[in-house]
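**Student:** Here it is, the structure, as structure tokens.
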Amino acid sequence: MSDSAAIDASSHSAVLRRSFRKSFSPAVRGEGVYLWDARGQQYLDFSGSAAVNFIGHGVAEIAAAMASQAKQLEFVHSSQFTTPVAEEYAAELLEFAGKNFEGGCVYFTCGGSESIETALKLSRQYQVEIGQTKRHQVISRGQSYHGSTLGALSVSGNKRRREIHLPMIREFAHVGSPYCYRCAFDCTDGCRNCGQEYAAELERAIEAANEEVSAFIVEPVSGATLGAVVPPPGYLQSVAEICRRYGVLLIADEVMTGMGRTGRNFAVERSDIAPDILVTAKGLSSGYAPLGAVLVSKKVARAIAEGSGAFLHGFTYNSHPISLAAGRAVLRFLREQKLVQAADSESRGSTAATLRSALEGLRDAKAVGDVRGIGLLWGMEFVADKATKRPFDPELNFVGRVAQAAVNRGLLVYPMQGCVDGVSGDHLLIAPPAVITADQIDWAAKQLRGAIEEAATI
Ligand SMILES: Cc1ncc(COP(=O)(O)O)c(C=O)c1O
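All residue numbers for the sequence shown refer to the numbering used here, where the first residue is 18 and numbers rise by one.
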């Protein structure tokens with residue numbers, strides 16, 4: 018389709034889009050940190066779409082690896098065959114995940130939600146295999162997002178995304194998430210105390226569930242729903258210890274934080290915890306193909322291998338060879354280009370350190386209440402009153418206005434609402450590709466300041 022035909026088609030769309038009200042530009046090209054639409058407008062992708070792209074757009078090696086796989090073998094069903102690309106890539110990913118996953122295995126899917134469904138079923142089957150047949154509940158956190166399928170939504174706390182589906186959802190306990198900007202507990206001691214209070218909440222929920230809990234699922238850094246909230250020191254270690262003590266599996270949802278985004282291969286490395294199951298997607302293929310992965314520890318894999326011997330679960334397109342070829346080439350590229358190191362915001366002179374100070378520099382802008390995050394995953398929360406932290410009226414859609422003003426300046430960010438209580442609270446997610454340069458960061462921060470100021474004048 019020509020560019021002008023794409024523009025015409027966009028106003029009378031046959032696609033069921035995310036909104037019938039918003040107008041969507043037809044995107045036609047990407048390179049590095051930039052995207053272009055059919056009108057020739059250039060955008061700097063300051064949020065990696067939705068924290069998806071980590072290696073930059075338009076990397077020729079990835080397209081070549083996918084084309085080569087497609088020419089060789091496009092698809093086989095995983096009930097009939099394995100493939101060389103699946104075997105080799107799974108081994109490379111386990112190695113990337115480190116010693117905690119030695120002797121484990123990987124289940125490949127087409128994205129985050131499918132991977133979460135897989136992890137939920139895996140935790141249930143593990144408990145059945147070891148004779149804990151009562152265990153089926155999965156505890157999750159109030160302000161969390163784990164995906165859009167019904168199982169994933171049942172363990173998500175994101176109020177807006179769940180609300181109309183509640184009658185179709187099986188509910189288990191949700192516990193609080195540490196959120197030090199608006200903490201329910203005392204944060205005057207560097208947040209040690211509040212982390213333990215939140216962990217104790219998990220322990221009480223497990224006890225109340227009468228030995229029926231199979232797993233606890235947690236984002237090691239809260240992604241979309243809270244806006245890049247890094248947990249207080251000691252919190253993740255405490256929840257890991259509680260899970261171990263009660264025979265509850267720990268599922269780390271690293272759909273957003275995995276594959277280098279936080280400056281470590283996986284964010285759990287920052288707290289030195291060992292999840293039983295780790296879910297990743299987004300940066301795994303950097304968006305070049307639909308791909309998710311569930312990393313399964315040896316303990317869980319062994320229980321099934323030595324028990325019933327079969328994982329009772331499957332999608333037609335799990336382990337799709339072309340997606341795996343993309344993911345494998347992405348892993349090779351990010352290692353060669355040292356992009357995990359670039360994403361380490363605590364390393365002086367790194368790309369992420371430059372991003373961090375540019376965003377910190379926006380704290381004085383009107384309406385910026387908090388700037389938080391780690392690596393190349395940052396959140397910015399907006400408030401109507403900085404002193405009292407009073408949020409904007411959600412009807413104003415303040416963050417939507419900031420995002421639109423940014424788009425008008427050629428800058429893409431990821432706006433969300435609901436961080437305060439599920440409905441009010443406006444925040445942006447900023448998660449650029451790791452190939453962004455210091456000049457591009459500087460330009461983006463200036464545009465973002467302009468967009469925030471413009472939104473605040475309305
Ligand atoms: C932490 C987390 N888990 C799961 C998902 C669902 O992934 P997907 O949209 O690929 O299904 C997301 C998506 O934003 C996410 O951020």
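Beta carbons are placed, not taken as given, at the ideal position from N, Cα and C, and that holds for glycine.
Given a cut-off of 8 Å on the beta-carbon distance, is the pair V311 and I290 in contact?
**Tutor:** Here residue 311 corresponds to residue number 294 of the sequence shown, with the count starting at 1. Here residue 290 corresponds to residue number 273 of the sequence shown, with the count starting at 1. No, the pair does not count as a contact, with Cβ atoms beyond the cut-off.
**Student:** Look at L308 and G128 and say whether their C-beta atoms are less than 8 Å apart.
**Tutor:** For the purposes of this step, residue 308 is taken as the residue at position 291 of the sequence shown. For the purposes of this step, residue 128 is taken as the residue at position 111 of the sequence shown. Their beta carbons are under 8 Å apart, which means L308 touches G128 by this criterion.
**Student:** Which residues does DSSP pair with F118 in a beta bridge?
**Tutor:** On the sequence shown, position 101 is the one that residue 118 refers to. Answer is none; F118 lacks a bridge partner.
**Student:** Within a Cβ cutoff of 6 Å, which residues of the same chain sit near V172, ignoring the five residues on either side of it in sequence?
**Tutor:** The count along the sequence shown starts at 1 and reaches residue 172 at position 155. Hits under 6 Å: V155, S157, H163 and I234.
**Student:** Taking just the CA atoms, how far does Q144 sit from I453?
**Tutor:** Working through the sequence shown from its first residue, we reach residue 453 at position 436. Working through the sequence shown from its first residue, we reach residue 144 at position 127. C-alpha separation (whole angstroms): 44 Å.
**Student:** The alpha helix (DSSP H) spanning P338 covers which residue range?
**Tutor:** For the purposes of this step, residue 338 is taken as residue 321 along the sequence shown, with counting starting at 1. Counting along the chain, the alpha helix (DSSP H) containing P338 begins and ends at P338 to E353.
**Student:** Output yes or no for whether 8 Å exceeds the beta carbon distance between G275 and L301.
**Tutor:** Against the sequence shown, residue 275 aligns to sequence position 258. Against the sequence shown, residue 301 aligns to sequence position 284. Against a cut-off of 8 Å, the Cβ pair of L301 and G275 comes out as a contact.
**Student:** Could you spell out where the alpha helix (DSSP H) holding Q89 opens and where it closes?
**Tutor:** For the purposes of this step, residue 89 is taken as residue 72 along the sequence shown, with counting starting at 1. Residues A77 to Q89.
**Student:** Should G159 and H191 be called a contact, given that it needs their Cβ atoms to be closer than 8 Å?
**Tutor:** Along the sequence shown, one-based indexing puts residue 159 at 142. Along the sequence shown, one-based indexing puts residue 191 at 174. Contact: yes.
**Student:** Within 10 angstroms of its Cβ, does F408 collect 16 or more other Cβ (buried), or is it exposed?
**Tutor:** The residue given as residue 408 occupies position 391 in the sequence shown. Strictly speaking, residue 408 in this sequence is Pro, with Phe absent from that position. Buried.
**Student:** Whole angstroms are fine: how far does the CA of S231 sit from the CA of A136?
**Tutor:** Here residue 136 corresponds to residue number 119 of the sequence shown, with the count starting at 1. Here residue 231 corresponds to residue number 214 of the sequence shown, with the count starting at 1. When rounded, the distance between both Cα atoms is 11 Å.
**Student:** Taking the alpha-carbon positions, what's the R179 to V256 distance?
**Tutor:** Locating residue 179 in the sequence shown gives position 162, counting from the first residue. Locating residue 256 in the sequence shown gives position 239, counting from the first residue. The alpha-carbon atoms of R179 and V256 are separated by roughly 25 Å.
**Student:** Does DSSP classify P101 as helix, strand or coil?
**Tutor:** Start at 1 with the first residue of the sequence shown, and residue 101 comes out as number 84. Three-state result, P101: helix.
**Student:** So the alpha helix (DSSP H) L301 belongs to, where does it begin and stop?
**Tutor:** Locating residue 301 in the sequence shown gives position 284, where the first residue counts as 1. Taken as a continuous stretch (DSSP letters only), L301 belongs to no alpha helix (DSSP H), as it is neither H nor E.
**Student:** Identify the continuous alpha helix (DSSP H) that holds Q142 and give its terminal residues.
**Tutor:** As a working mapping, residue 142 is identified with position 125 in the sequence shown. That run of the alpha helix (DSSP H) goes G129 to E146.
**Student:** Which same chain residues, not among the five before or five after A461, have their C-beta less than 7 Å away from its C-beta?
**Tutor:** Your numbering for residue 461 matches position 444 in the sequence shown. Closer than 7 Å at the Cβ level, and outside the excluded window around A461, lie L61, F63 and L428.
**Student:** What are the boundary residues of the alpha helix (DSSP H) that includes G65?
**Tutor:** Translated into positions along the sequence shown, residue 65 becomes position 48. Run containing G65: G65 to A68, per the alpha helix (DSSP H) assignment.
**Student:** Confirm, please, whether the CB-CB distance from E220 to F202 is below 8 Å.
**Tutor:** To locate residue 202, count along the sequence shown from 1; it is residue 185. To locate residue 220, count along the sequence shown from 1; it is residue 203. No, the pair does not count as a contact, with Cβ atoms beyond the cut-off.
**Student:** Rounded to a whole number of angstroms, what is the C-alpha to C-alpha distance between I223 and Y263?
**Tutor:** The residue labelled residue 223 in the question sits at position 206 within the sequence shown. The residue labelled residue 263 in the question sits at position 246 within the sequence shown. If you take the alpha carbons of I223 and Y263, they lie about 8 Å apart.
**Student:** Going straight from the alpha carbon of G390 to that of V246, what length do you get?
**Tutor:** On the sequence shown, residue 390 is found 373 positions in, with the first residue counted as 1. On the sequence shown, residue 246 is found 229 positions in, with the first residue counted as 1. Each residue's Cα considered, the two are about 6 Å apart.
**Student:** So for E470, helix, strand or coil by DSSP?
**Tutor:** Translated into the one-based positions of the sequence shown, residue 470 becomes position 453. DSSP places E470 in helix when its eight states are reduced to three.
**Student:** Tell me where the alpha helix (DSSP H) around V256 begins and ends.
**Tutor:** Walking along the sequence shown from the start, residue 256 turns up at place 239. Unbroken alpha helix (DSSP H) run through V256: Y252 to Y263.
**Student:** Is it the case that the Cβ atoms of Y198 and D387 are separated by a distance below 8 Å?
**Tutor:** One-based indexing of the sequence shown puts residue 198 at position 181. One-based indexing of the sequence shown puts residue 387 at position 370. In contact: Y198 and D387 (Cβ atoms closer than 8 Å).
**Student:** Rounded C-beta distance between A342 and A77? I'm assuming under 8 Å.
**Tutor:** Walking along the sequence shown from the start, residue 342 turns up at place 325. Walking along the sequence shown from the start, residue 77 turns up at place 60. No, A342 and A77 are not in contact; Cβ-Cβ is about 14 Å, not under 8 Å.
**Student:** Using the Cα positions of G331 and F92, report the straight-line distance between them to the nearest angstrom.
**Tutor:** The count along the sequence shown starts at 1 and reaches residue 331 at position 314. The count along the sequence shown starts at 1 and reaches residue 92 at position 75. Rounded to whole angstroms, G331 to F92 spans 15 Å at the Cα level.
**Student:** Can you tell me where the beta strand (DSSP E) holding L312 begins and where it ends?
**Tutor:** By 1-based counting over the sequence shown, the position of residue 312 is 295. Its beta strand (DSSP E) spans residues G309 to V313.
**Student:** Is G212 near ligand 1, in the sense that its beta carbon is under 7 Å from a heavy atom of that ligand?
**Tutor:** Indexing the sequence shown from 1 puts residue 212 at position 195. For ligand 1, not one heavy atom lies less than 7 Å from the Cβ of G212.
**Student:** Thinking just about the alpha-carbon of each residue, which of A55, A382 and V419 is nearest to the one in D402?
**Tutor:** The residue you call residue 402 lines up with position 385 of the sequence shown. Closest by alpha carbon: A382.
**Student:** Looking at ligand 1, does it come within less than 7 Å of S42, judged from the CB to the closest heavy atom?
**Tutor:** Locating residue 42 in the sequence shown gives position 25, where the first residue counts as 1. For ligand 1, not one heavy atom lies less than 7 Å from the Cβ of S42.
**Student:** Report the rounded CA-to-CA distance for L170 versus A369, giving the unit in angstroms.
**Tutor:** Counting from one through the sequence shown, the residue named residue 170 turns up at place 153. Counting from one through the sequence shown, the residue named residue 369 turns up at place 352. One C-alpha to the other measures close to 31 Å.
**Student:** Among the candidates F415, V317 and H337, whose CA atom is the shortest distance from the CA of P432?
**Tutor:** For the purposes of this step, residue 432 is identified with residue 415 of the sequence shown, where counting begins at 1. The shortest C-alpha separation from P432 is found at F415.
**Student:** Let me check you understand the geometry: is the CB of S165 closer than 7 Å to at least one non-hydrogen atom of ligand 1?
**Tutor:** Position 148 of the sequence shown, counted from the start, is the residue given in the question as residue 165. Yes, the beta carbon of S165 sits closer than 7 Å to at least one heavy atom of ligand 1.
**Student:** When the cut-off is 8 Å and only beta carbons count, does A462 lie next to chain B?
**Tutor:** In summary, chain B is missing from the structure at hand, where a single protein chain is found.
**Student:** The beta strand (DSSP E) with G212 in it runs from where to where?
**Tutor:** Taking the first residue of the sequence shown as position 1, residue 212 is located at position 195. From DSSP, G212 is part of no beta strand (DSSP E) but of the alpha helix (DSSP H) over R209 to A225.
**Student:** So does E236 have its beta carbon nearer than 7 Å to some heavy atom of ligand 1?
**Tutor:** In the sequence shown, the residue the question calls residue 236 occupies position 219. E236 Cβ: within cutoff of ligand 1.
**Student:** Within 10 Å of its beta-carbon, does H74 have 16 or more other beta-carbons around it, so buried, or fewer, so exposed?
**Tutor:** Counting from one through the sequence shown, the residue named residue 74 turns up at place 57. By the 10 Å Cβ count, H74 comes out buried.
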